[in-house]
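So the structure is just underneath, and the comments pick up after that.
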Ligand code: F3S
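Following this line, the structure appears as structure tokens:
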């Protein structure tokens, strides 16, 4: 792998031991993956923020880096933390966990990294341009950035993304290269499958990810999506498969291959039945569901607005909890627009900076979760041992409100 003089000097330790270690990490990954050189990036999104996931070893690793005074050289955002950083009580999370989580976030701030704590950086100010090379870590954000925006990133691990933030570079391989961005499989959506709600797009993504596990799907849908639908399909695809890029016919910027090329790809039709089957896989029938959570990936302001309209003159039935997870930035918009207050009066809480999957919810009294996200339903039983049901927001409001 070719390295410039400057890159070599970092690798030789001339700019300190920490940068040497981090450069070594990025170069080693690049060499294993067949990269020819390093490339400059315009932004970074780092995952592995929750104290639940990284614990004391992760916190010490971050402290070790921050103590050397190295700082991010490109705009860098971070993924959701393990709790709401301003109101951890609403989650029934211990004060001890909260303090540890604040310490983790503080280390990032010391490195000049912006404590956004969100998996939707593209909704809150970190929006790359088409063709930009970036180094993002959260899988749904990666799929959205590659597919919807046309930026270029691999699914980075947390430490590799952090290294890229401090170096301003990543290795040139995988989805940074033209040849790896071409479609490998064709999916056609059957006429009878109505892609009406976010949950339908989420389950569609999950179904395709399950089907191929890896590759670049080219999808011909029968409906034009909203932005929130694209957010949902990105998360679904990335949860069930190792997929970082999809093309949606007539919608996404790189869905411009010739018909002849597409006709040579293996074709799968996604039907109403296949989506129903996926929904059943993610649904636990016996457990009592006492917790409703939407906002995986983090809700946009229009989703909050939509739920507010949908629940007008209604109230959550007693005995249930309902959270909408979002970024602090979006919650502030909702606070200022009066949406938070209205939702609160109906029993819905807006929880910022975190998400159900990375929060230590197994330590709470929650028994089962209903969500409109295939990704949350996929991970919740694994990370928190909490069973799930998948439903549309519309069905949730019909069932759990009076
Ligand atoms: Fe985001 Fe958590 Fe879902 S990080 S994509 S809300 S699992």
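In the working numbering, the protein residues as written are 440 to 841. Ideal Cβ positions, reconstructed from N, Cα and C, are used throughout, including at glycine. What you are looking at is a predicted structure, and each value in this text was computed from that prediction instead of being measured.
Cβ neighbour criterion (16 or more within 10 Å) applied to residue i
| i | result |
| --- | --- |
| residue 595 | buried |
| residue 471 | exposed |
| residue 782 | buried |
| residue 495 | exposed |
| residue 441 | exposed |
| residue 635 | exposed |
| residue 562 | buried |
| residue 569 | exposed |
| residue 546 | buried |
| residue 501 | buried |
| residue 528 | exposed |
| residue 708 | exposed |
| residue 725 | exposed |
| residue 391 | Residue 391 is absent from the structure shown; the chain starts at 440 and stops at 841. |
| residue 670 | buried |
| residue 533 | exposed |
| residue 811 | buried |
| residue 784 | exposed |
| residue 822 | buried |
| residue 455 | exposed |
| residue 525 | exposed |
Span of the beta strand (DSSP E) around residue i
| i | result |
| --- | --- |
| residue 738 | 730–738 |
| residue 727 | Element bounds for residue 727: n/a, residue is neither H nor E. |
| residue 610 | 608–610 |
| residue 765 | 760–765 |
| residue 623 | Note, residue 623: premise wrong, no beta strand (DSSP E); not H, not E. |
| residue 515 | 515–517 |
Check whether residue i and residue j have beta carbons under 8 Å apart
| i | j | result |
| --- | --- | --- |
| residue 900 | residue 743 | Since the first residue of the chain shown is 440 and the last is 841, residue 900 is not available in this structure. |
| residue 498 | residue 543 | yes |
| residue 677 | residue 579 | yes |
| residue 761 | residue 788 | yes |
| residue 642 | residue 804 | no |
| residue 560 | residue 792 | no |
| residue 565 | residue 484 | yes |
| residue 504 | residue 553 | no |
| residue 515 | residue 482 | yes |
| residue 577 | residue 558 | yes |
| residue 686 | residue 655 | yes |
| residue 645 | residue 474 | no |
| residue 683 | residue 593 | yes |
| residue 530 | residue 694 | no |
| residue 637 | residue 668 | yes |
| residue 464 | residue 598 | yes |
| residue 815 | residue 796 | yes |
| residue 571 | residue 590 | yes |
| residue 728 | residue 824 | no |
| residue 627 | residue 706 | yes |
| residue 452 | residue 459 | yes |
| residue 575 | residue 610 | no |
| residue 839 | residue 733 | no |
| residue 586 | residue 666 | no |
| residue 768 | residue 731 | no |
| residue 583 | residue 673 | yes |
| residue 817 | residue 721 | yes |
Minimum Cβ-Cβ distance from residue i to chain C less than 8 Å
| i | result |
| --- | --- |
| residue 591 | Absence of chain C from the displayed structure is noted, only one protein chain being present. |
Opening and closing residue of the alpha helix (DSSP H) in which residue i lies
| i | result |
| --- | --- |
| residue 832 | 832–839 |
| residue 660 | Run containing residue 660: none; DSSP gives neither H nor E here. |
| residue 828 | Residue 828 -> not in any alpha helix (DSSP H); beta strand (DSSP E) instead, spanning 827–829. |
| residue 631 | It is not in any alpha helix (DSSP H) - residue 631 carries neither H nor E in the DSSP assignment. |
| residue 884 | Residue 884 lies beyond the range of the chain shown here (440 to 841); nothing can be said about it. |
| residue 485 | Segment 483–485 is the beta strand (DSSP E) holding residue 485; no alpha helix (DSSP H) there. |
| residue 479 | Element bounds for residue 479: not the alpha helix (DSSP H) but the beta strand (DSSP E), 477–479. |
| residue 491 | 490–505 |
| residue 778 | 778–784 |
| residue 636 | Looking at the DSSP string, residue 636 is not in any alpha helix (DSSP H), and its letter there is neither H nor E. |
| residue 457 | 456–471 |
| residue 532 | Element bounds for residue 532: n/a, residue is neither H nor E. |
| residue 450 | 444–450 |
Distance cut-off 7 Å: residue i Cβ against heavy atoms of the ligand GTP
| i | result |
| --- | --- |
| residue 565 | Inclusion of the ligand GTP in the displayed structure is not the case, the ligand content consisting of the ligand F3S alone. |
Could you please go through the chain and list the residues whose beta-carbon is closer than 6 Å to any non-hydrogen atom of the ligand F3S? Going along the chain, the residues that qualify are 518, 519, 558, 577, 579, 674, 735, 736, 737, 764, 794, 796, 797, 814, 815 and 818.
Inside the region 553–601 only - alpha helix (DSSP H) runs reaching at least 4 residues: 578–583
If you scan the region 787–823 from start to end, which runs of the alpha helix (DSSP H) of 4 or more residues do you find wholly inside it? 813–822
What are the uninterrupted segments assigned as beta strand (DSSP E) that are 3 or more residues long and contained completely in the region 639–711, given in chain order? 656–659 and 705–709
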